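Start counting the sequence shown at 0; every next residue gets the next number (numbering that gives the first Met the number 0).
Even for Gly, the Cβ is constructed at its ideal location relative to N, Cα and C.
Quantities reported herein were computed from a predicted structural model and do not represent experimental measurements.
For reference, the structure is listed below as structure tokens.
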Amino acid sequence: MTRLNLNTTDIIKGVLSFLFFTALFLSCESNATPENSSQKIDASEIAVQGEMTAELTAPPKVPKPIGSRAATKLIVDMEILEKEEEMTDGVTYVYWTFGGSVPGSFIRTRIGDEVEFTLKNHPDNKLPHNIDLHAVTGPGGGATSSFVAPGHQTTFSFKALNPGLYVYHCATAPVGMHIANGMYGLILVEPAGGLPEVDREYYVMQGDFYTKGENGEQGLQAFDMKKAVDEDADYVVFNGKVGSLTGDNAITAEVGETVRLFVGNGGPNLVSSFHVIGEIFDKVNVEGGDMINKDVQTTLVPAGGSAIVEFKVDVPGTFILVDHSIFRAFNKGALGMLTVSGPENASVYSGKQQEGIYQPEGGTIQEMPDEGLVNKSPTKALTLTEKMKLGKTVYDKTCLACHQPTGRGITAAFPPLAKSDYLNEDVDRAIGVVVNGKSGEITVNGEKYNNIMPKQVLSDREVASVMTYIYNSWENNKTEVSESDVARVRNSH
Ligand code: HEC
Ligand SMILES: [Cu+2]
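Okay, structure coming up:
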């Protein structure tokens, strides 16, 4: 009986889907699909009033909302600039930019606007470029009409027909290379009457970069075509560089405010799993379109796509923006910060209420698995060479994720251990940071950090080794730390 029911359901399903697809096919064939005119305004019929010059902004700023203004002739004047800028500390890259920034200038329009777009290719540039705006209905999204050589300019017009948040990018061959060098940005088409009002709006766009040298290799880095083809990114960043949204560059809000992020992904290759640590998106315009999803933790932003996310900030603190493909965040740069100031709200978030020692049955301080070093002769002190070896193992497993290869840190998030004045000044204090953890503001090499280093669960031997390894690497002062030094600091706490 059950079997029979199942089969009947299957048959019904089959027939229904057959009918559905037939209907779909026929409607395409007959080409007679009248618009549901009661729902959709024909934007091509919207008349424009007057003209105005578009405000263009570099990230993370966005132009003023369109509000209640009527559709108009909107003049966009954009200059392409090829320029060398910093990718991260000590690393530079020749970016190709729309308007001088990566991502390019944010363009804000409304449905029915007639956009007159002038693209100028600066005479100092080396290459021809063009622009494909996903908001354009027309061949190549404008690319075919906008191809422009250095020292030239070109103008074309289009009508903004569909509201939404759209990516634009260069589409000159080799397309992937132009995009990989930073040639992308966002254009917003607001619905009539504008988007609902919020307190803060920001522009955040992810991109992946491919350099001849590995991540962190110093100096001017050339684009690497092979890595780009293999999708093996050295940097995955927000707004064109590591640290564009951290520390002093963090975006800000106050407790109780609503925040809207216009999130884009230029790619060229990677899809972003956009997430804000400690926040839930109250509303997401999925893929930058009309559909609204609510109460979202992480939203996908396709390469060449976008999302609009909105949330209210209820408690103060630092909220970290990441691509939740998490190695990209902590090892390749896709990390930003939203700093929220204002009064605590204990009914939403209590903060730490109590700290205690947790001793599971039989629990002891964890030790590294036997690496042939740790337990060989627990009473005999390790030699410098043995400490260096164990120290490197501990560093790579435990510290590297934050402090990065070669101890260079991440600007405004994780302080450097290489040539660190904080480290070299006071050995006991540095040991204390590792065994007790550290929060609150510290200054390392003239840069302020205000973040949390979690307490590390390591044996005295491991701490002595990792500290010795750090002190004897990366131009530090070559201190050798003993297990008894660590025990003394641990006990004095
Ligand atoms: C989860 C990230 C994280 C991990 C893992 C981590 N640290 Fe830190 N570390 C930090 C942060 C953040 C600070 C700065 C704290 C502050 O702002 O008060 C810091 C500060 C330090 C400092 C003092 C500042 C300086 O640059 O000299 C030392 C030394 C240090 N860490 C060593 C280590 C060692 C050794 C390990 C591994 C055993 C380690 N850290 C693991 C995040 C981390
Ligand atoms: Cu280009």
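V258 has R199 and F310 as its beta-bridge partners, per DSSP. Excluding the 5 residues flanking it on each side, G49 has same chain C-beta neighbours closer than 6 Å at T71, in chain order. In this structure, DSSP gives T298 an extended state, which the three-state scheme calls strand. Beta bridge pairing from DSSP links S67 with no other residue. The three-state reading of DSSP puts I469 in helix, counting H, G and I together. Boundaries of the beta strand (DSSP E) harbouring A252: I250 to E253, taken from the DSSP string. Within the stretch 427-464, the complete beta strand (DSSP E) segments at least 3 residues long are 437-443 and 446-452, listed from N- to C-terminus.
Note on Y348: under 16 other CB atoms within 10 angstroms of its CB, so exposed under the neighbour-count rule.
In this model, V393 and P404 are separated by some 13 Å (Cα to Cα).
Distance from the CA atom of S472 to the CA atom of P453, rounded to whole angstroms, is 23 Å. Between V270 and A306, the C-beta gap is not smaller than 7 Å, which leaves the two residues out of contact.
By the rule of a C-beta closer than 5 Å to any heavy atom of ligand 2, the residues picked out are H128, C169, T171, H177 and M182. Taking the Cα of G242 as reference, the smallest distance to any Cα among G150, P190 and Q205 is reached at Q205. Annotation: the continuous beta strand (DSSP E) that includes F280 extends over F280 to N284. Approximately 36 Å separates the beta-carbon atoms of D233 and T257; this is outside 8 Å, ruling out the contact.
Looking at K396, F329, V433 and L389, the one whose alpha-carbon comes closest to that of G408 is F329.
Listed as beta-bridge partners of S340 by DSSP are E253. In this chain, the alpha helix (DSSP H) harbouring N423 covers D420 to E424. Membership of V90 in any alpha helix (DSSP H) is not indicated; the residue belongs instead to the beta strand (DSSP E) covering V90 to F97. Q152 and E83 have their C-alpha atoms some 22 Å from each other.
Across the structure, F273 and L320 are spaced so that their CA atoms are roughly 7 Å apart. Excluding its 5 nearest sequence neighbours in each direction, E213 has C-beta neighbours in its own chain below 7 Å: D233, listed in chain order. Here the C-alpha atom of G175 lies approximately 14 Å from the C-alpha atom of P127. Under the three-state reduction of DSSP, V241 is assigned to coil, being neither helix nor strand. For the 7 Å CB-CB criterion, V188 and I130 do not form a contact. Taking C-beta atoms as the reference points, G277 and F318 count as a pair closer than 7 Å. For Q217, DSSP records no beta bridge to any residue.
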